[in-house]
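This report concerns only the one structure given below.
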Amino acid sequence: MNRKYPVDYNILISVLVLVSIGVVMVFSASSANAYYQYHDSFYFLKRQLLWAIIGFFAMTFMMNFDYHNLKKLSGVLLILSIILLIVILLPGVGSTRYNSTRWIEIGGFTLQPSEIAKYAIILFFAKYFDKNPSYAKSFKKGVVPVLFIAGIFFLLIMKEPNFSTAGTIFIISLIILFVAGAKLSFMVTLFGLGGSAALIVVTTVKYIRQRVFTFLNPWQDIKEHGYQIVQSLYALGSGGLFGVGLGRSRQKFMYLPMPQNDFIFSIIGEELGLIGTASILLLFLYLIIRGLRVAAKAPDVFGCLTATGIIAVIGVQTLINVAVVTSSMPATGVSLPFISYGGTSTVFMMAAMGILLNISRYANMDRS
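In the working numbering, the protein residues as written are 790 to 1157.
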């Protein structure tokens, strides 16, 4: 039995601070929209606070649940997530919002299967390469299975359609393959194939092609396709160095659509300025570095790859979200971890951090 250490409290505190910032900013960003839609300025706050509390208990449970036991559940979770992704596409089952069918409604709340899929695929690949470490160096036994399984998820999620999450899962799969020990030549080939596939998707899928054209010049169509990104830039530009003040955003008053979701970073920039946004990004960077240290010090391959996958989710999503709201890449729907409004995302991400914290209990590392 491996020796147990205290959890990495630096990670725990970082997560709690980010979630707390998220709850405050969801309220600040959503109050006007909530009052207009539901005649209750606290509508989104109450729901996000509930999910944050549930997420805290999920994180606490997973923090004390031996991560080695997740090996037994990895196959079940993978199959379950595939089934849910298929079920959501059945007529009358999935809930359609904003021209995308990504949710299953349960008793007034929603479940997003693609959020489960992210962690199911991480655990499955972590177990696969833990059991067969040499497979990562084999194209047939390492690359092909990763491409096949990640490809299934990619196609199912693209049917919703949700290109951003599909792409995120594919990138995370490649990161795990690389950390598992895949040859550099394999990775160059895979990224080349991935880039070619992305180019095909961009040129053949109408709504994605439109987003690319809008990204190139959002000002040419500011009343329709470029509207959201232009309003996002207005918000960020208005914040200056110190921001206009917490709760004093102007763009949240029906200018920036659904500001509590994917574009919440814009409201943070407007209200807290460059100092606020930079502080949050530094906190994410610190969390990612601590998470990578846990992965490097993990006692086994399963722990290393699981920790790597969890941190990859945070890193990739943060990078994409910030790139989108700053118009550094075409608009796509990726939430800002721990901060954007969303029940499934908040709960599962906090549960995943509980797994990371549990791995840290078996990692012999400096806790300072």
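Cβ atoms here follow ideal geometry from the backbone N, Cα and C, with glycine treated the same way.
Only a predicted model underlies this, so the values are computations on that prediction, with no experimental measurement involved.
| Residue(s) in a DSSP beta bridge with Trp-892 | Start at 1 with the first residue of the sequence shown, and residue 892 comes out as number 103. For Trp-892, which the question treats as bridged, DSSP gives the partners Ser-884.
| query | By DSSP, does Leu-900 sit in helix, in strand, or in coil? | reply | Position 111 of the sequence shown, counted from the start, is the residue given in the question as residue 900. Leu-900 falls in the strand class under three-state DSSP.
| query | Should the segment 1100-1112 be regarded as contacting the segment 953-965, the criterion being three or more beta carbon pairs within less than 8 Å? | reply | yes
| field | Among Glu-1059, Ala-847, Phe-1004, the one whose alpha carbon lies nearest that of Ala-1140 | value | Numbered from 1 along the sequence shown, position 351 holds the residue referred to as residue 1140. For Ala-1140, the nearest C-alpha among the options comes from Ala-847.
| By DSSP, does Ala-1152 sit in helix, in strand, or in coil? | What you label residue 1152 is simply residue 363 of the sequence shown in a count that begins at 1. Coil at Ala-1152, not helix or strand.
| query | What span of residues does the alpha helix (DSSP H) with Pro-934 cover, start to end? | reply | The residue labelled residue 934 in the question sits at position 145 within the sequence shown. Looking at the DSSP string, the run of the alpha helix (DSSP H) that includes Pro-934 is 933-947.
| field | Neighbour-count burial assignment, Lys-1086, 16 or more Cβ in a 10 Å radius | value | Your numbering for residue 1086 matches position 297 in the sequence shown. Lys-1086 comes out buried.
| So, are the CB atoms of Ile-1018 and Val-1114 less than 9 Å apart? | Counting from 1 along the sequence shown, the entry for residue 1018 is found at position 229. Counting from 1 along the sequence shown, the entry for residue 1114 is found at position 325. Contact: yes.
| Cβ neighbours of Ile-875 in the same chain (closer than 8 Å, five flanking residues each side left out) | On the sequence shown, residue 875 is found 86 positions in, with the first residue counted as 1. Excluding residues within five positions, the ones whose Cβ falls inside 8 Å are Leu-945.
| task | Note the first and the last residue of the continuous alpha helix (DSSP H) segment covering Met-814. | result | Your numbering for residue 814 matches position 25 in the sequence shown. Where Met-814 is concerned, the enclosing alpha helix (DSSP H) stretches over 798-827.
| query | With burial defined as no fewer than 16 other Cβ atoms inside 10 Å of the residue's Cβ, what is the status of Leu-1076: buried or exposed? | reply | Position 287 of the sequence shown holds residue 1076. Buried.
| task | Measure the C-alpha to C-alpha separation of Arg-861 and Leu-839 and round it to an integer number of angstroms. | result | Working through the sequence shown from its first residue, we reach residue 861 at position 72. Working through the sequence shown from its first residue, we reach residue 839 at position 50. Contrary to the premise, residue 861 reads as Lys rather than Arg in this sequence. Taking the straight line joining both Cα atoms gives about 30 Å.
| request: Could you tell me the distance, in whole angstroms, from the CA atom of Ser-927 to the CA atom of Pro-1048? | output: The sequence position of residue 927 within the sequence shown is 138, counting from 1. The sequence position of residue 1048 within the sequence shown is 259, counting from 1. The straight-line gap from Cα to Cα measures roughly 46 Å.
| said: Do Leu-867 and Ile-910 have their beta-carbon atoms positioned less than 9 Å apart in this structure? | reply: Residue numbering aside, residue 910 sits at position 121 when the sequence shown is read from its first letter. Residue numbering aside, residue 867 sits at position 78 when the sequence shown is read from its first letter. Yes, these two residues count as a Cβ contact at 9 Å.
| Are there 16 or more other CB atoms within 10 angstroms of the CB of Ser-1117, so buried, or fewer, so exposed? | Here residue 1117 refers to the residue found at position 328 when the sequence shown is read from its first residue. Exposed, because fewer than 16 other Cβ atoms sit within 10 Å of the Cβ of Ser-1117.
| Should Tyr-917 go down as buried or exposed, given a rule of 16 or more other Cβ atoms within 10 Å for buried? | As a position in the sequence shown, residue 917 is number 128, starting the count at 1. The residue is buried, with at least 16 neighbouring Cβ atoms inside 10 Å.
| said: Please tell me whether Gly-981 and Ala-925 are closer than 9 Å, where the distance is taken between their beta carbons. | reply: As a working note, residue 981 is residue 192 in the sequence shown. As a working note, residue 925 is residue 136 in the sequence shown. In this structure, Ala-925 does not lie closer than 9 Å to Gly-981 by Cβ.
| Does DSSP classify Gly-1132 as helix, strand or coil? | What you label residue 1132 is simply residue 343 of the sequence shown in a count that begins at 1. Helix at Gly-1132.
| request: Tell me the start and end of each unbroken beta strand (DSSP E) in the segment 1008-1096 that is at least 3 residues and wholly inside, in chain order. | output: none
| task | Using beta-carbon positions only, say whether Ile-1099 and Ile-1128 come within less than 9 Å of one another. | result | As a position in the sequence shown, residue 1099 is number 310, starting the count at 1. As a position in the sequence shown, residue 1128 is number 339, starting the count at 1. In this structure, Ile-1128 does not lie closer than 9 Å to Ile-1099 by Cβ.
| field | Span of the alpha helix (DSSP H) around Tyr-996 | value | For the purposes of this step, residue 996 is taken as the residue at position 207 of the sequence shown. Taken as a continuous stretch (DSSP letters only), the alpha helix (DSSP H) holding Tyr-996 covers 995-1005.
| What are the start and end residues of the alpha helix (DSSP H) that includes Val-1123? | The count along the sequence shown starts at 1 and reaches residue 1123 at position 334. Neither: Val-1123 is in no alpha helix (DSSP H) and is coded neither H nor E.
| task | Please list, in chain order, all residues of the same chain as Ile-1011 whose beta carbon is under 7 Å from its beta carbon, the five residues on each side excluded. | result | What you label residue 1011 is simply residue 222 of the sequence shown in a count that begins at 1. Excluding residues within five positions, the ones whose Cβ falls inside 7 Å are Val-1019.
| message | According to DSSP, simplified to helix, strand and coil, what is Tyr-832? | response | Counting from 1 along the sequence shown, the entry for residue 832 is found at position 43. Correct three-state label for Tyr-832: helix.
| task | Determine, using beta carbons only, whether Ile-905 comes closer than 9 Å to chain D. | result | Judged by its chain identifiers, the structure shown contains no chain D, having just a single protein chain.
| said: Contact defined as beta carbons within less than 8 Å: I believe Ile-1053 pairs with Tyr-856. What is the distance between those atoms, to the nearest angstrom? | reply: What you label residue 1053 is simply residue 264 of the sequence shown in a count that begins at 1. What you label residue 856 is simply residue 67 of the sequence shown in a count that begins at 1. Their Cβ separation, rounded to whole angstroms, is 31 Å, which puts Ile-1053 and Tyr-856 out of contact at 8 Å.
| field | Alpha carbon of Leu-936 to alpha carbon of Asp-797, nearest angstrom | value | In the sequence shown, counting from the first residue as 1, residue 936 sits at position 147. In the sequence shown, counting from the first residue as 1, residue 797 sits at position 8. Whole-angstrom Cα-Cα distance: 34 Å.
| request: Please say whether Phe-1031 and Ser-962 have beta carbons closer to each other than 9 Å? | output: Position 173 of the sequence shown, counting from 1, holds the residue named residue 962. Position 242 of the sequence shown, counting from 1, holds the residue named residue 1031. No, the Cβ-Cβ distance between Ser-962 and Phe-1031 is not below 9 Å.
| message | At the level of alpha carbons, what is the spacing between Tyr-832 and Val-933? | response | Taking the sequence shown and counting its residues from 1, the one referred to as residue 832 is at position 43. Taking the sequence shown and counting its residues from 1, the one referred to as residue 933 is at position 144. One C-alpha to the other measures close to 46 Å.
| query | Residues in its own chain within less than 6 Å of Phe-1137 by CB, not counting five upstream and five downstream? | reply | If you number the sequence shown from 1, residue 1137 lands on position 348. Answer for Phe-1137: Glu-904, listed in chain order.
| Expressed to the nearest angstrom, what Euclidean distance is found between the alpha-carbon atoms of Ser-923 and Leu-1146? | Indexing the sequence shown from 1 puts residue 923 at position 134. Indexing the sequence shown from 1 puts residue 1146 at position 357. Approximately 27 Å, taken between the alpha carbons.
| If we ignore side chains and look at the alpha-carbon of each, how far apart do Ser-803 and His-828 end up? | The residue you call residue 803 lines up with position 14 of the sequence shown. The residue you call residue 828 lines up with position 39 of the sequence shown. Near 34 Å, if we compare the C-alpha coordinates of His-828 and Ser-803.
| said: Quick check: is any heavy atom of the ligand ADP less than 8 Å from the C-beta of Ala-1087? | reply: Although the ligand ADP was asked about, the structure shown includes no ligands whatsoever.
| field | Where Asn-1006 falls, given that 16 or more other Cβ within 10 Å makes a residue buried | value | Position 217 of the sequence shown, counting from 1, holds the residue named residue 1006. It counts as exposed.
| Is the segment 1069-1084 touching the segment 1036-1047 in the sense that three or more CB pairs, one from each, lie closer than 8 Å? | no
| query | Rounded to a whole number of angstroms, what is the C-alpha to C-alpha distance between Ser-884 and Arg-891? | reply | As a working note, residue 884 is residue 95 in the sequence shown. As a working note, residue 891 is residue 102 in the sequence shown. Going by the C-alpha atoms only, they are around 7 Å apart.
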